[in-house]
Amino acid sequence: MHSRRHPQPEAADAAAIAGGPAAAAARRASGAWLRTHAPGLLLAGAVAAVALALGKAAPLIGAPVIGIVLGIAVRTLRAPGAAFLPGIRYASRQVLQASIVALGFGLGLGQVARTGLHSLSVTAATITAAFVAAWALGRALRVRDDLRLLIGVGTAICGGSAIAAVTPIVRPDEHDTAFAISTIFLFNLVAVLLFPALGHLLHLSDLGFGLWAGTAINDTSSVVAAGYSYSHAAGDYATIVKLTRATLIVPICLALAMLVAWRERKRGPSDFRLRRVFPWFILWFVAASGARTLGLVPAAWLPGLHTAAEGLIVMALTAIGLSADLRRMAATGARPILLGLGVWAAVALSSLGVQYAMGQL
2 MHSRRHPQPE AADAAAIAGG PAAAAARRAS GAWLRTHAPG LLLAGAVAAV
52 ALALGKAAPL IGAPVIGIVL GIAVRTLRAP GAAFLPGIRY ASRQVLQASI
102 VALGFGLGLG QVARTGLHSL SVTAATITAA FVAAWALGRA LRVRDDLRLL
152 IGVGTAICGG SAIAAVTPIV RPDEHDTAFA ISTIFLFNLV AVLLFPALGH
202 LLHLSDLGFG LWAGTAINDT SSVVAAGYSY SHAAGDYATI VKLTRATLIV
252 PICLALAMLV AWRERKRGPS DFRLRRVFPW FILWFVAASG ARTLGLVPAA
302 WLPGLHTAAE GLIVMALTAI GLSADLRRMA ATGARPILLG LGVWAAVALS
352 SLGVQYAMGQ L
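Sequential numbering from 2 applies to the sequence shown in my numbering.
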């Protein structure tokens, strides 16, 4: 007798073997998503890789700023076509949120307690000064609401990282985000060059300068550069103060989400829901930071997590640069830069003023 050969399964049978029609549909959907988003993600990733390499060669500037500048340059020379836009948009939003969560693994919640009220009181004063100056001076200079909010948050908390954190909540124009980060960077660079000389001129102690640098300079890398150029002790203390200051982005994001909800309700009946703008990624940030605090994250993982967080945030900021319209930024004029100068001066002077009033200088 001749043995019968079973026929090869048809496509539908193969799908059933691999998990059924639902699994096949999911694979088709994921494939369509990848085809739609891959060009923009690859472009943002490639430019970000260049920015990371240049950032190692120029740590004073930093890869995040280089990323956004390169993104703006690429868009100015040759704007990405429509095929790139979905991936660029995804990187500037979802990848941005993922980068904030990854940053949480590098910051233990206990660091806030260890710095104590000695730094938190000065930090609270400088943050208040930043927001008041951004509101008052921004209105006087007729700077758009979103742009003055971004400059105020960036100056008050932690520069580009803070701007990145609030962007998914307030959803400003990409070029406003790029302009705000560029403005913050300008005064970061000035601070790194100016603060150590002023500290010696004012005869500040190591802890006094560390507290000043940690509360008045925006970006962490700039705080570290200024602090350690003053002294090793000043650098250690400035870094801790800066990390404590960075955690305050969590309540600020929550407050902004509530403000967005209130504004929507004030405009009248709508289908707005707080959960749509609620910064859920901030809760994941807190969870990541809590995992670090509880020792649930092995120490061997931390360098890799730090590298991943840096890569994600550089990729996200590069995507923002690729979305920015340089002509619109130029049309904005010098007023945002003047606003950044005024807010930065308010923060620097209020930090020194509070320390002097408390007898800490």
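C-beta: ideal position from N, C-alpha, C; glycine also.
Phe-85 lies in the alpha helix (DSSP H); which residues open and close that run? Start at 1 with the first residue of the sequence shown, and residue 85 comes out as number 84. Where Phe-85 is concerned, there is no enclosing alpha helix (DSSP H), given that its DSSP letter is neither H nor E.
Could you tell me the distance, in whole angstroms, from the CA atom of Val-123 to the CA atom of Ala-166? Sequence index remark: in the sequence shown, residue 123 carries index 122 (1-based). Sequence index remark: in the sequence shown, residue 166 carries index 165 (1-based). In a straight line, the C-alpha of Val-123 is about 23 Å away from that of Ala-166.
Ser-120 by DSSP, collapsed to three states: which one? For the purposes of this step, residue 120 is taken as the residue at position 119 of the sequence shown. It is helical.
Sequence-distant residues of the same chain with beta carbon closer than 7 Å to Ala-317, five excluded per side: The residue given as residue 317 occupies position 316 in the sequence shown. Counting only Cβ-Cβ distances below 7 Å, and skipping sequence neighbours, we find Ala-92, Ser-93, Val-96, Leu-97, Ser-100, Ala-165.
Which residues in the same chain as Ile-185 place their Cβ atom closer than 8 Å to its Cβ, once the five residues preceding and following it in sequence are excluded? On the sequence shown, residue 185 is found 184 positions in, with the first residue counted as 1. Closer than 8 Å at Cβ, skipping near neighbours: Ile-152, Gly-155, Thr-156, Gly-160, Gly-161, Ile-164, Asn-219, Asp-220, Gly-341.
According to the neighbour-count rule (16 or more other Cβ atoms, all chains shown, within 10 Å of its Cβ), is Thr-77 buried or exposed? Position 76 of the sequence shown, counted from the start, is the residue given in the question as residue 77. With fewer than 16 Cβ atoms within 10 Å of its Cβ, Thr-77 is classed as exposed.
Three-state secondary structure assigned by DSSP to Pro-252: As a first step, residue 252 is located in the sequence shown; it is residue number 251 there, counting from the start. Three-state DSSP puts Pro-252 in a helix.
Is it right to say Val-355 is buried, meaning 16 or more other beta carbons lie within 10 angstroms of its own, or is it exposed? Mapped onto the sequence shown, residue 355 falls at position 354. Burial call: buried.
DSSP three-state call for Phe-196: helix, strand or coil? Against the sequence shown, residue 196 aligns to sequence position 195. In this structure, Phe-196 counts as helix in the three-state DSSP scheme.
For Leu-205, which option in Leu-148, Leu-43, Ser-232 has the closest C-alpha, if you only look at C-alpha atoms? Against the sequence shown, residue 205 aligns to sequence position 204. Out of Leu-148, Leu-43, Ser-232, Ser-232 has the C-alpha closest to the C-alpha of Leu-205.
Euclidean distance between Cα positions of Pro-87 and Ala-47: Residue mapping note: residue 87 aligns to position 86 of the sequence shown, counting from 1. Residue mapping note: residue 47 aligns to position 46 of the sequence shown, counting from 1. The straight-line gap from Cα to Cα measures roughly 16 Å.
Cutting at 6 Å between CB atoms, please list the residues of its own chain near Tyr-229, excluding the five before and the five after it. As a position in the sequence shown, residue 229 is number 228, starting the count at 1. Around Tyr-229: Gly-236.
Looking only at its own chain, which residues have a Cβ that is under 6 Å from the Cβ of Ala-320, when we skip the five neighbours before and after it? Here the question's residue 320 lines up with position 319 in the sequence shown. Once the five neighbours on either side are set aside, the close Cβ partners of Ala-320 are Ala-45, Ile-89, Ala-92, Ser-93.
What first and last residue would you give for the alpha helix (DSSP H) that runs through Met-359? Looking up residue 359 in the sequence shown gives position 358. Met-359 -> no alpha helix (DSSP H), and no H or E assigned at all.
How would you label Lys-243, buried or exposed, when you count the other beta carbons within 10 angstroms and need 16 or more for buried? Translated into the one-based positions of the sequence shown, residue 243 becomes position 242. Buried, by the Cβ-count rule.
Is it true that the CB of Val-344 sits closer than 8 Å to the CB of Ala-135? Position 134 of the sequence shown, counted from the start, is the residue given in the question as residue 135. Position 343 of the sequence shown, counted from the start, is the residue given in the question as residue 344. Their beta carbons are under 8 Å apart, which means Ala-135 touches Val-344 by this criterion.
Check Ala-59 in the structure and name its three-state DSSP category. Taking the sequence shown and counting its residues from 1, one reaches residue 59 at position 58. In the structure shown, Ala-59 sits in coil (DSSP, three-state: anything other than H, G, I, E or B).
Taking all protein chains shown into account, decide if Arg-36 is buried (16 or more other Cβ within 10 angstroms of its Cβ) or exposed. Position 35 of the sequence shown, counted from the first residue, corresponds to residue 36. With fewer than 16 other Cβ atoms within 10 Å, it is exposed.
Please name the residue in Ala-130, Arg-149, Val-75, Ala-131 whose C-alpha comes closest to that of Gly-139. What you label residue 139 is simply residue 138 of the sequence shown in a count that begins at 1. Out of Ala-130, Arg-149, Val-75, Ala-131, Arg-149 has the C-alpha closest to the C-alpha of Gly-139.
To the nearest angstrom, how far is the alpha carbon of Lys-57 from that of Val-251? Residue numbering aside, residue 57 sits at position 56 when the sequence shown is read from its first letter. Residue numbering aside, residue 251 sits at position 250 when the sequence shown is read from its first letter. In a straight line, the C-alpha of Lys-57 is about 29 Å away from that of Val-251.
Could you give the distance in angstroms between the alpha-carbon of Ala-130 and the alpha-carbon of Ala-83? For the purposes of this step, residue 130 is taken as the residue at position 129 of the sequence shown. For the purposes of this step, residue 83 is taken as the residue at position 82 of the sequence shown. So the two alpha carbons sit approximately 43 Å from each other.
Go through its chain and collect everything with a Cβ distance to Met-2's Cβ below 6 Å, but skip five positions before and after it. Within the sequence shown, numbered from 1, the residue matching residue 2 stands at position 1. Per-residue confidence for Met-2 stands at a pLDDT of 47, beneath the threshold of 50, marking its modelled position as unreliable; the derived number appears in the next sentence. Excluding positions up to five away in sequence, the list is empty.
Quick check on Asn-189: does DSSP put it in helix, strand or coil? Residue 189 sits at position 188 when you count from the first residue of the sequence shown. Correct three-state label for Asn-189: helix.
Residues near His-307 by beta carbon distance below 7 Å, same chain, minus five either side: Numbered from 1 along the sequence shown, position 306 holds the residue referred to as residue 307. Contacts found: Gly-107.
Could you work out which residue in Ala-292, Gly-215, Asp-147, Phe-85 is closest to Leu-353 when comparing CA atoms only? Translated into positions along the sequence shown, residue 353 becomes position 352. Of the candidates Ala-292, Gly-215, Asp-147, Phe-85, the one whose C-alpha sits nearest the C-alpha of Leu-353 is Gly-215.
Closest Cα partner of Phe-210 within the set Ala-50, Ile-69, Pro-299, Leu-350: Along the sequence shown, one-based indexing puts residue 210 at 209. Out of Ala-50, Ile-69, Pro-299, Leu-350, Leu-350 has the C-alpha closest to the C-alpha of Phe-210.
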